[in-house]
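Enquirer:
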Amino acid sequence: MKIITTFIFLFLSIILLGQTDTSYYFGINGKIVTDAAAIHKKTVEFKSKKKATVKTFKRNQSDWEVSKIELYKKTDNDTYLIISGGLKKNTMARNFIELENNTFRFNEVINDKIKRTGYAKSIVPLILHGEVTEFYPNGNKRSISVYNNNELVSNKNWLANGEEYYDNLFYSVDNEPFYLPGNNKLHSHILKTFNENNVDYSTTTGGIVVGFVVFEAGNIGGFRIMKGINGNINQLVLSSLNSLEGEWQPAKLRGQTVRFFQLFPINFIHNETKYENLNLEGGMLNWNVN
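Heads up: the sequence shown begins at 3 in my numbering, then just goes up one per residue.
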């Protein structure tokens, strides 16, 4: 889902546990690409036989900008500890078994709970290939996805409470969806809902992130609060989007119309009722309430 980031592998002949410092280039939906076509990049630098630093980059116009740094430490023959984050460190264990067909079975564990399990072509960095299952922190299944050389092929999804969600959602596409009546109408519709319900902007700070599905036919649904402020405002946003009229131009991937999981952040920046135009940027609808 959200923004979900998938990575792809360029050098297929690299040996998983080799000590070669390498760059890996990633494109739309996990497609293997060259440097020129990449939107993400990972570099792997081995410090020793048991330690490596993996840096993730996002292309910013013509330059690469570091978005994540992970420290890998091999604790035994089949386990890596992966440390990431800034002041607040996150630690994950990745266990793996090498299979006969040049793939690996892996489990990722955080705080003794399985986060993800499945199959991959590489462990450092992780290159997904085959079926992969992800879990919520409460232990319920989040998704079962199928990958082909790290490209997402299909998925089945659930909510955290175990309820089934929509299947075959894509998070990275060639052409992202957009609202056909225009951003101004979307802006005005949500603002109208706020005003009709007397939302007090002087006490509203922070941000909301709503996720929803843009379907192949141009309709939307499956609204979810990914990050909220308070119950009242969260419900007003959901109510407003549920009552929004007008179709969307659906997403396209490799020339085919696909379902897309759209993220919509609304940021309350100042205690004034001044609004910026709504715009599409980086796979998300962004609305700053200034």
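Heads up, the beta-carbon is just placed ideally off N, CA and C, and yes, glycines get one too.
Just the Cα atoms here: how many angstroms apart are G88 and G248?
Expert: So the two alpha carbons sit approximately 43 Å from each other.
Enquirer: Does DSSP put E165 in a helix, a strand or coil?
Expert: It is coil, neither helix nor strand.
Enquirer: If I'm right that E218 touches P252 with Cβ under 8 Å, what's the distance once you round it to whole angstroms?
Expert: The pair is a contact, with the Cβ atoms about 5 Å apart (cut-off 8 Å).
Enquirer: Answer with buried or exposed for R256, where buried requires no fewer than 16 other C-beta atoms within 10 angstroms of its C-beta.
Expert: With fewer than 16 Cβ atoms within 10 Å of its Cβ, R256 is classed as exposed.
Enquirer: Locate the alpha helix (DSSP H) running through K187, then write down its first and last residues.
Expert: N185 to E198 is the span of the alpha helix (DSSP H), which, as asked, contains K187.
Enquirer: Looking at the secondary structure, which residues open and close the beta strand (DSSP E) in which S156 lies?
Expert: Looking at the DSSP string, the run of the beta strand (DSSP E) that includes S156 is E153 to N159.
Enquirer: Do you know how far the Cα of L240 is from the Cα of I227?
Expert: Going by the C-alpha atoms only, they are around 8 Å apart.
Enquirer: Under 8 Å, do K115 and G132 count as touching if we go by C-beta distance?
Expert: Taking 8 Å as the Cβ cut-off, K115 and G132 do not qualify as a contacting pair.
Enquirer: What span of residues does the beta strand (DSSP E) with I235 cover, start to end?
Expert: Element bounds for I235: not the beta strand (DSSP E) but the alpha helix (DSSP H), G233 to N244.
Enquirer: What would DSSP say about I125, mapped onto helix, strand or coil?
Expert: I125: coil per DSSP, three-state reduction.
Enquirer: If I measure Cβ to Cβ from T77 and keep anything under 7 Å in the same chain, skipping five residues before and after, which residues do I get?
Expert: Within the same chain, T77 has close Cβ partners L83.
Enquirer: Going by other Cβ atoms of all chains shown within 10 Å of its Cβ, with 16 needed for buried, is Y74 buried or exposed?
Expert: So Y74 counts as buried.
Enquirer: Does the contact criterion of 3 or more C-beta pairs under 8 Å hold for the region 220-238 versus the region 147-157?
Expert: Short answer: they don't touch.
Enquirer: Can you give me the C-alpha to C-alpha distance between G120 and T135, rounded to a whole angstrom?
Expert: Taking the straight line joining both Cα atoms gives about 6 Å.
Enquirer: Answer with buried or exposed for G223, where buried requires no fewer than 16 other C-beta atoms within 10 angstroms of its C-beta.
Expert: Its Cβ having fewer than 16 others within 10 Å, G223 is exposed.
Enquirer: Pull up the distance between the alpha-carbon of K194 and that of V68, whole angstroms please.
Expert: Whole-angstrom Cα-Cα distance: 39 Å.
Enquirer: Using the DSSP secondary-structure output, state which residues sit across from R118 in a beta bridge.
Expert: According to DSSP, which records beta bridges pairwise, R118 is partnered with E110 and E136.
Enquirer: How long is the line joining the alpha carbons of A54 and I71, rounded to whole angstroms?
Expert: Using only the alpha carbons, I get a separation of about 11 Å.
Enquirer: How would you label T58, buried or exposed, when you count the other beta carbons within 10 angstroms and need 16 or more for buried?
Expert: That one is buried.
Enquirer: Classify G32 as helix, strand or coil using the three-state DSSP reduction.
Expert: Helix, per DSSP.
Enquirer: Which residues in the same chain as Y167 place their Cβ atom closer than 6 Å to its Cβ, once the five residues preceding and following it in sequence are excluded?
Expert: Excluding sequence neighbours, Y167 sits near N159, W160 and L161.
Enquirer: Look at P179 and Q264 and say whether their C-beta atoms are less than 8 Å apart.
Expert: Contact: yes.
Enquirer: How close, in whole Å, do the beta carbons of L177 and K254 come, if the pair is a contact with beta carbons under 8 Å?
Expert: Reading the sequence as shown, one finds Asn at residue 177 and not Leu. Contact holds; Cβ gap of about 4 Å.
Enquirer: Less than 8 Å between the beta carbons of I30 and S145, yes or no?
Expert: Going by C-beta atoms, I30 is not nearer than 8 Å to S145.
Enquirer: Starting from the Cα of E102, find the closest Cα among N113, A122, S86 and E110 and give me that residue.
Expert: Here the closest residue by C-alpha is A122.
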